[in-house]
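Undergrad: Supplied in structure tokens, the structure appears directly below.
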Amino acid sequence: MKTVILLLFFLLSNSKALFTVEMSPNYLAELHENVTMECRFPPGDGKAVLSVFWERLSPPPRVEVYKMVDGRKDVDSQDPQFRGRVQLQDDELTKGRALLQISDVKINDSGTYQCLVEMGAGDYKQTTLTVQASYRNITATALQGCSLSPTPLLLQCQAAGFPKARVQWTDTSSSVLPASRTNTSHTMTQDGLYIVTAQVKVNGSCGEIYNCSYITKHSVTSAFIHLSAPSFPKISTLSVILMLGGALLGMALCVSLGLIFKKRGFGRLQGRKQIYVRRRAFFEHRRTHGKS
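What follows is the structure in structure tokens.
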């Protein structure tokens, strides 16, 4: 009898040991995107009732993310933070995959999650979800204009992301600029993002290129500042044609007006000359006839 009890205990213990849950230890997600965390388990023969429990253990307090008890979804105790944003892919459960999808992930979704699966026997595993916001849109500017000879300039880069990044500056030769020439500050938005503003003092001249890199544990994003002389507004071909046409038209108008005034002046001169000739002839006639 003792032998039978020991045999049954061994078989039960062995069957529980065979039911193990597996999960990737880490997941990385981008802010406002979707993430799917997978919990794998032996699918069994379909006779045992399945229960799946997803929880976030940290940061505290411990909250319920998703719960399915005896094959039925239960959202009564689901944390409001996850309500309407999580789902379990039911069609994958028969394949031994408890896939939890969180949509539109937030910064505060980051933390340690636990997946517990029960199907006769039970087991659980934990994983860490990290939500980041890459510093994608970097505004890079030179705060002063450059010249052909080296002059003191202040360069600035600004971007928003998470977690807080450190900024590294390099010059045209890809040499890292010393920290003593840089200044970095940050503020935080209501969404939990860091606005990181970085400045560096350089002796630069037109044509040089400087680089600022925002570095976090999981990503590196960069932007370039090309020192260039102030550019004049570009003039289109049509504008050039219109300006030349206007200039030629103006010249033609001036010439025409000049000819008109000249002609009028010549006509007046001719008229005065004719009057003078007539008067002279008149006086000559009187003088001649008067003497006779």
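Position one of the sequence shown corresponds to residue 1 (UniProt numbering), numbered consecutively onward.
A virtual CB, placed ideally from N, CA and C, is assigned to each residue, including glycine.
1) Indicate the three-state DSSP secondary structure (helix, strand or coil) for residue 215 in the structure shown.
2) In whole angstroms, what is the alpha-carbon distance linking residue 220 and residue 143?
3) Nearest by alpha-carbon distance to residue 85: which of 75, 91, 94 and 93 is it?
4) Taking all protein chains shown into account, do 16 or more other C-beta atoms lie within 10 angstroms of the C-beta of residue 18, making it buried, or fewer, making it exposed?
5) Name the DSSP beta bridge partners of residue 182, please?
6) DSSP puts residue 108 in a beta bridge; with which residues?
7) Considering residue 26, what are the terminal residues of the beta strand (DSSP E) in which it resides?
8) Just how far apart, CA to CA, sit residue 146 and residue 204?
9) Can you list, in chain order, the residues of its chain whose CB lies under 6 Å from that of residue 158, leaving out five sequence neighbours each side?
10) Report yes or no: do the region 20-27 and the region 48-65 share at least 3 C-beta pairs separated by less than 8 Å?
11) Would you decide whether residue 98 is buried or exposed? Buried here means 16 or more other CB atoms lie within 10 Å of its CB.
12) Given this structure, state the Cα-to-Cα distance separating residue 232 from residue 167, to the nearest angstrom.
13) For the beta strand (DSSP E) holding residue 102, just list the boundary residues, first then last.
14) Alpha carbon to alpha carbon, what distance is there between residue 81 and residue 216?
TA: On the basis of the supplied data:
1) Walking along the sequence shown from the start, residue 215 turns up at place 215. Reduced to three states, the DSSP call for residue 215 is strand.
2) Position 220 of the sequence shown, counted from the first residue, corresponds to residue 220. Position 143 of the sequence shown, counted from the first residue, corresponds to residue 143. Using only the alpha carbons, I get a separation of about 24 Å.
3) For the purposes of this step, residue 85 is taken as the residue at position 85 of the sequence shown. Of 75, 91, 94 and 93, the residue nearest in Cα terms is 75.
4) Counting from one through the sequence shown, the residue named residue 18 turns up at place 18. Residue 18 comes out exposed.
5) Looking up residue 182 in the sequence shown gives position 182. 200.
6) Reading the sequence shown from its first residue, position 108 is the one you call residue 108. According to DSSP, which records beta bridges pairwise, residue 108 is partnered with nothing at all.
7) Looking up residue 26 in the sequence shown gives position 26. That run of the beta strand (DSSP E) goes 26-30.
8) Locating residue 146 in the sequence shown gives position 146, counting from the first residue. Locating residue 204 in the sequence shown gives position 204, counting from the first residue. In a straight line, the C-alpha of residue 146 is about 7 Å away from that of residue 204.
9) Numbered from its first residue, the sequence shown carries residue 158 at position 158. These residues qualify, in order along the chain: 139 and 197.
10) no
11) Locating residue 98 in the sequence shown gives position 98, counting from the first residue. Label assigned to residue 98: buried.
12) In the sequence shown, the residue the question calls residue 232 occupies position 232. In the sequence shown, the residue the question calls residue 167 occupies position 167. Summary for residue 232: the model assigns pLDDT 47, below 50, so the residue's position carries little reliability; its value from the coordinates is reported in the next sentence. If I take the Cα positions, the gap works out to 33 Å.
13) Here residue 102 refers to the residue found at position 102 of the sequence shown. Unbroken beta strand (DSSP E) run through residue 102: 97-102.
14) In the sequence shown, residue 216 corresponds to position 216, counting from 1. In the sequence shown, residue 81 corresponds to position 81, counting from 1. Approximately 26 Å between the Cα atoms of the pair.
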